[in-house]
Structure formats: C-alpha cells, structure tokens
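Visitor:
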Amino acid sequence: MTERFDGFEYSTKDVIGHGAFAIVYKGKYSDRPDIPVAIKAIAKKNIAKSKNLLTKEIKILKTLSSLQHTNLVALLKCTETPTHVYLVMEFCNGGDLADYLSQKTTLQEDTIHHFVVQIARALEAINKEGIVHRDLKPQNILLCNPTRQSNPPASELIIKLADFGFARFLSEGVMAATLCGSPMYMAPEVIMSLQYDAKADLWSIGTILFQCLTGKAPFQAQNPPQLKAYYEKNRDLKPNIPDYCSAPLRDLLLRLLKRNAKDRITFGECGDCCMLLYSLLRQ
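The opening residue of the sequence shown carries number 1 in this note's numbering; numbering runs sequentially from there.
1) How big is the Cα-Cα spacing for P152 and K104?
2) For S204, count neighbouring Cβ atoms within 10 angstroms of its own Cβ and tell me buried if that reaches 16, exposed if not.
3) Which residues bound the beta strand (DSSP E) around K128?
4) Name the two residues that bound the continuous alpha helix (DSSP H) containing I212.
5) Check whether the region 261-274 touches the region 214-227, counting contact only when three or more Cβ pairs, one atom from each stretch, lie closer than 8 Å.
6) Would you mind reading off the limits of the alpha helix (DSSP H) that contains A247?
7) In three-state DSSP terms, what is Y25?
8) State yes or no: is the C-beta of A20 within less than 9 Å of the C-beta of C92?
9) Going by DSSP in three states, S11 sits in which element: helix, strand or coil?
10) Would you identify the three-state DSSP class for A177, choosing helix, strand or coil?
11) Less than 9 Å between the beta carbons of D6 and T79, yes or no?
12) I241 by DSSP, collapsed to three states: which one?
13) Sort G94, S66, R134 and F8 by Cα distance to A198 and report the nearest one.
14) H113: buried (16+ other C-beta within 10 angstroms of its C-beta) or exposed?
15) Please classify Q68 as buried or exposed, where buried requires at least 16 neighbouring CB atoms within 10 angstroms.
16) Enumerated in chain order, which unbroken segments of the beta strand (DSSP E) with a length of 3 residues or greater are wholly contained in the region 32-63?
17) Between K228, P183 and L253, which has its C-alpha nearest L202's C-alpha?
18) Say whether the region 129-143 touches the region 235-255, bearing in mind that this needs 3 or more beta-carbon pairs closer than 8 Å, one atom from each stretch.
19) Note down the Cα distance separating L213 from T81, rounded to an integer number of angstroms.
20) Does the beta carbon of V132 come closer than 9 Å to any beta carbon on chain D?
21) Helix or strand or just coil, what does DSSP make of C274?
22) DSSP on F169, reduced to helix/strand/coil?
23) Is A22 buried or exposed, if buried means 16 or more other CB atoms sit within 10 Å of its CB?
24) Can you list, in chain order, the residues of its chain with a C-beta nearer than 7 Å to that of R255? Leave out the 5 residues immediately preceding and following it.
25) Hey, I35 and Y25: beta-carbon distance below 9 Å or not?
26) Tell me whether V132 sits in a helix, a strand or coil according to DSSP, three-state version.
27) Report the rounded CA-to-CA distance for I132 versus I126, giving the unit in angstroms.
28) Counting only the same chain and skipping the five closest in sequence on each side, list residues whose C-beta sits under 6 Å from that of K77.
29) Within the continuous beta strand (DSSP E) that includes I265, where are the two ends?
30) Tell me whether N223 is buried or exposed, calling it buried when 16 or more other Cβ atoms sit within 10 Å of its Cβ.
31) How long is the line joining the alpha carbons of E90 and M192, rounded to whole angstroms?
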C-alpha cells in the first residue's frame with residue numbers, strides 16, 4: 001500500500017525502523033522518485049499522552065537542522081494529516097552502527113577513530129546548542145555511504161547522529177534527573193537517577209567505543225536493576241581493556257569512562273584526540 005502526503009510518498013512495505021510511537025519508512029519525493037528520504041510516521045492515536053515529547057523532538061530537530069552539520073541527520077520537512085504526523089528526514093543508505101557491528105563483530109582502531117571523531121563532533125555541536133541526546137547507542141548512529149559501493153572502505157563512511165526522541169534542551173548549568181535511554185549505554189549518574197548534564201553522553205561514547213573494540217559492553221549485568229546496583233556498589237570503575245588495545249586508545253577510553261562526570265574528557269578534547277589518533281594511524 002502506498003501512502004502519499006504533501007509531495008512525498010512511501011510504501012508501507014518499506015519499513016526501515018520503528019519505535020514506541022512511530023514507524024520509519026524509506027520514501028521518496030513524488031516528483032523526484034530518484035531521491036530517497038526517511039519518513040517517520042507517527043500515528044496521532046499513539047501519542048495522545050505524549051504530545052509534549054513529540055513537540056520537543058520537532059523543536060530539537062529544527063534547531064539541529066539549521067546547523068547543517070555533516071554528522072547530524074537533517075529534518076527536511078514536518079507536516080501532518082488528520083491521522084498522522086510526518087517527519088521527513090535525510091535518508092542514510094548505510095544502515096546503522098548496530099548492523100555494521102553485527103557483521104564485523106569488532107572494528108580496527110583506525111575505523112573506530114574515524115567513527116568516534118564524527119560522533120564527538122556531532123555531540124559537540126548539539127552541546128553548544130544546550131542539547132543532551134540521552135539515548136546514544138549503535139542503533140541511533142547511522143551510516144552514509146557516498147560511494148554507493150556494496151562494500152565500501154570504512155574510511156569512506158559518514159556518521160550521522162539520529163533519533164532525538166529522548167533529547168532535551170538544558171540551560172547552562174542546569175542538570176536533569178530523568179531516566180531516559182538504553183540502560184547498557186547509560187552513564188552511572190543517569191541509571192542511578194542522579195542529576196546529570198551533557199557529559200552523560202560522553203560516557204555513552206566510551207561504551208560504544210569499547211563495544212566497537214571488543215564486541216561487548218565495558219560493564220555488564222543481566223538487567224537494568226543489576227547494572228544500577230553494580231554502579232552503586234563500585235565507586236572506582238575501571239573497564240577491562242584488552243592488551244591489544246593501543247596506549248592512546250586505552251587513554252581515551254579511561255578518560256571517557258570516568259565514574260564521576262566532572263572527571264570526564266570534554267567533547268572538544270574527545271574529538272581532537274580521536275582526530276589526532278586517526279591521523280597517526282593512517283600515516
């Protein structure tokens with residue numbers, strides 16, 4: 001079945017993602033079928049009690065799209081029909097990092113640095129706008145393949161940060177205390193329902209980086225309550241970094257995965273560090 005609205009169309013068979021309130025389809029411009037887009041279709045009946053969440057997501061997406069940042073998925077249009085709200089976004093043809101990791105299991109260090117420097121740049125940009133993502137995970141990190149080759153070198157892939165459904169604006173100096181996001185990637189202060197700021201996203205970067213290197217999370221538990229209990233019990237957290245990890249990458253991981261948010265590296269330092277490491281590895 002083909003759905004059409006406001007110059008766009010999609011087939012209900014072309015599902016590329018879904019969440020609690022929405023389904024994401026691969027769509028296209030009605031008059032330019034050669035240009036793909038991602039269409040987030042949100043049924044109004046599903047958001048009767050969550051309108052504020054949607055309004056907030058749209059506001060954040062509009063703010064971020066105005067930046068025209070290479071590493072942030074752009075919102076092309078927001079429109080609604082009597083039954084749906086549609087967010088038309090840039091289409092990323094390389095899938096997401098979760099799929100990429102399921103194929104590769106682990107990544108080479110130059111690939112890790114190439115990806116993480118882009119993630120750090122995106123987070124630095126949203127941090128300057130007073131926004132914290134709060135749900136960083138491989139499923140929300142999309143890949144664009146500009147070469148359109150079936151198996152492009154990792155160095156050609158462009159990272160795009162997506163899914164700002166849990167993101168929020170934080171005034172300077174203000175901290176949040178809401179439990180949002182995916183537990184395995186949550187910073188200790190978030191999962192323990194303590195006050196937190198944008199540095200919680202830095203912990204998530206460290207967790208994702210560790211997973212890219214080893215294929216697993218740095219700190220594991222059977223369920224969120226067990227993970228919370230682990231963080232509450234262990235004040236001095238040290239990830240078990242494998243011996244094959246280079247000294248510079250080990251240092252970066254240790255600076256990201258600090259138990260105390262105040263001790264973590266900054267977004268700018270993270271991006272600069274990754275860029276330097278990536279340059280050294282490619283020499």
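Where a beta carbon is used, it is the ideal one built from N, C-alpha and C, also for glycine.
Guide: Well, looking at it:
1) 13 Å
2) buried
3) Looking at the DSSP string, K128 is not in any beta strand (DSSP E); the run it does join, the alpha helix (DSSP H), is E109 to K128.
4) Note that residue 212 is Cys in the sequence shown, not Ile. That run of the alpha helix (DSSP H) goes K199 to T214.
5) no
6) A247 to L256
7) strand
8) no
9) strand
10) With a pLDDT of only 35 at A177, under 50, the local geometry of the prediction cannot be trusted, and no value is derived from it.
11) yes
12) coil
13) R134
14) buried
15) exposed
16) 36-43
17) L253
18) no
19) 45 Å
20) Checking the listed chains, one finds no chain D in this structure; it contains a single protein chain.
21) helix
22) Note that F169 has pLDDT 35, beneath the 50 cutoff, so the model's placement of it is unreliable and the number below is only indicative. Three-state result, F169: strand.
23) buried
24) R264 and I265
25) no
26) strand
27) Strictly speaking, residue 132 in this sequence is Val, with Ile absent from that position. Between V132 and I126, the C-alpha separation is close to 7 Å.
28) V88
29) It is not in any beta strand (DSSP E) - I265 carries neither H nor E in the DSSP assignment.
30) exposed
31) 35 Å
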